[in-house]
Amino acid sequence: EAGVAQSPRYKIIEKRQSVAFWCNPISGHATLYWYQQILGQGPKLLIQFQNNGVVDDSQLPKDRFSAERLKGVDSTLKIQPAKLEDSAVYLCASSLSGGYGAFFGQGTRLTVV
Amino acid sequence: GENVEQHPSTLSVQEGDSAVIKCTYSDSASNYFPWYKQELGKGPQLIIDIRSNVGEKKDQRIAVTLNKTAKHFSLHITETQPEDSAVYFCAATDGQNFVFGPGTRLSVLP
Numbered sequence: 054e055a056g057v058a059q060s061p062r063y064k065i066i067e068k069r070q071s072v073a074f075w076c077n078p079i080s081g082h083a084t085l086y087w088y089q090q091i092l093g094q095g096p097k098l099l100i101q102f103q104n105n106g107v108v109d110d111s112q113l114p115k116d117r118f119s120a121e122r123l124k125g126v127d128s129t130l131k132i133q134p135a136k137l138e139d140s141a142v143y144l145c146a147s148s149l150s151g152g153y154g155a156f157f158g159q160g161t162r163l164t165v166v
Numbered sequence: 160g161e162n163v164e165q166h167p168s169t170l171s172v173q174e175g176d177s178a179v180i181k182c183t184y185s186d187s188a189s190n191y192f193p194w195y196k197q198e199l200g201k202g203p204q205l206i207i208d209i210r211s212n213v214g215e216k217k218d219q220r221i222a223v224t225l226n227k228t229a230k231h232f233s234l235h236i237t238e239t240q241p242e243d244s245a246v247y248f249c250a251a252t253d254g255q256n257f258v259f260g261p262g263t264r265l266s267v268l269p
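If you read the protein sequences in the order shown, they are chains A and B. First residue of the first sequence: 54, per my numbering; consecutive thereafter. First residue of the second sequence: 160, per my numbering; consecutive thereafter.
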């Protein structure tokens with residue numbers, strides 16, 4: 054079974070630029086999560102989708118972050134404009150539904166300079 | 160919302176000894192408690208989980224216990240090996256709010 058795919062693996066941008074991350078979840082998984090993980094901390098949930106609907110986006114900085122899940126499968130997370138404090142690893146995860154274990158991709162390491 | 164605390168933040172054990180990591184949660188609605196292992200440069204990997212209707216679950220050298228009354232759960236690793244060295248995260252969810260603890264860095268010394 055293929056795992057969660059994320060791209061790119063690494064990205065370096067200047068502050069105020071925009072960036073987008075892509076995620077392809079495990080086939081058949083209805084729930085998709087985006088997490089932000091700052092070095093030395095636990096993952097922080099940014100947004101949770103159930104199919105193509107948003108379940109929780111309470112910690113998503115909506116003035117600069119946006120996310121969508123196309124046709125309930127792939128998802129993209131965008132940051133515009135980026136700030137220095139956005140430097141982190143962005144993790145995508147998927148699960149059968151909200152009450153099951155989430156499986157993570159390898160993440161995208163974003164560096165904002 | 161849910162808040163998950165985790166202790167200790169770092170843990171060093173000798174190879175072959177046991178390691179215990181403890182977590183507490185705040186939301187009594189949480190009913191699913193997974194544990195993740197994260198190695199450098201990789202995403203978290205699910206290693207074991209427990210649901211609120213179960214008090215203990217074991218998988219080879221790893222076990223998890225849950226005390227719903229006290230709202231705490233623990234990860235137990237026996238006969239530790241160098242490859243167990245990693246950061247471990249606990250998490251709690253009610254199905255709609257998946258919250259992680261801050262992590263425990265486990266070092267297994269040969």
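Yeah, the Cβ is synthetic: ideal placement off N, Cα and C, and Gly gets one too. Note that the structure is predicted; figures quoted are calculated from it, not measured.
Is residue j closer than 8 Å to residue i when the C-beta atoms are compared?
{"i": "residue 232/B", "j": "residue 209/B", "result": "yes"}
{"i": "residue 76/A", "j": "residue 57/A", "result": "yes"}
{"i": "residue 176/B", "j": "residue 228/B", "result": "no"}
{"i": "residue 253/B", "j": "residue 190/B", "result": "yes"}
Quick one: which chain A residues come within Cβ less than 8 Å of residue i?
{"i": "residue 255/B", "result": "101, 108, 109, 151"}
{"i": "residue 121/B", "result": "The shown model of chain B, from 160 to 269, leaves out residue 121/B, and the question about it has no answer."}
Out of the options, which one is the CA nearest neighbour of residue i?
{"i": "residue 83/A", "options": "126/A, 63/A, 121/A, 57/A", "result": "126/A"}
{"i": "residue 91/A", "options": "137/A, 124/A, 122/A, 85/A", "result": "137/A"}
{"i": "residue 93/A", "options": "178/B, 260/B, 236/B, 172/B", "result": "260/B"}
{"i": "residue 63/A", "options": "144/A, 149/A, 150/A", "result": "144/A"}
{"i": "residue 214/B", "options": "230/B, 199/B, 220/B", "result": "230/B"}
{"i": "residue 100/A", "options": "81/A, 128/A, 79/A", "result": "128/A"}
{"i": "residue 201/B", "options": "165/A, 59/A, 70/A", "result": "59/A"}
{"i": "residue 89/A", "options": "117/A, 148/A, 113/A, 135/A", "result": "113/A"}
{"i": "residue 192/B", "options": "184/B, 167/B, 218/B", "result": "184/B"}
Checking contacts by CB at 8 Å: is residue i closer than that to chain A?
{"i": "residue 247/B", "result": "no"}
{"i": "residue 203/B", "result": "yes"}
{"i": "residue 263/B", "result": "no"}
{"i": "residue 232/B", "result": "no"}
{"i": "residue 183/B", "result": "no"}
{"i": "residue 214/B", "result": "no"}
{"i": "residue 186/B", "result": "no"}
Going straight from the alpha carbon of residue i to that of residue j, what length do you get?
{"i": "residue 165/B", "j": "residue 264/B", "result": "11 Å"}
{"i": "residue 168/A", "j": "residue 74/A", "result": "The structure shown does not extend to residue 168/A, since chain A is modelled only from 54 to 166, so the question has no answer here."}
{"i": "residue 181/B", "j": "residue 154/A", "result": "19 Å"}
{"i": "residue 224/B", "j": "residue 160/A", "result": "30 Å"}
{"i": "residue 187/B", "j": "residue 160/B", "result": "11 Å"}
Is the CB of residue i under 8 Å away from at least one CB in chain B?
{"i": "residue 86/A", "result": "yes"}
{"i": "residue 58/A", "result": "no"}
{"i": "residue 158/A", "result": "yes"}
{"i": "residue 144/A", "result": "yes"}
{"i": "residue 155/A", "result": "yes"}
Identify the contact partners of residue i in chain A, using a Cβ-Cβ distance below 9 Å as the criterion.
{"i": "residue 223/B", "result": "Neighbours of residue 223/B on chain A: none; closest Cβ ~12 Å, over 9 Å."}
Under 7 Å Cβ-Cβ, which residues of chain A neighbour residue i?
{"i": "residue 259/B", "result": "95, 96"}
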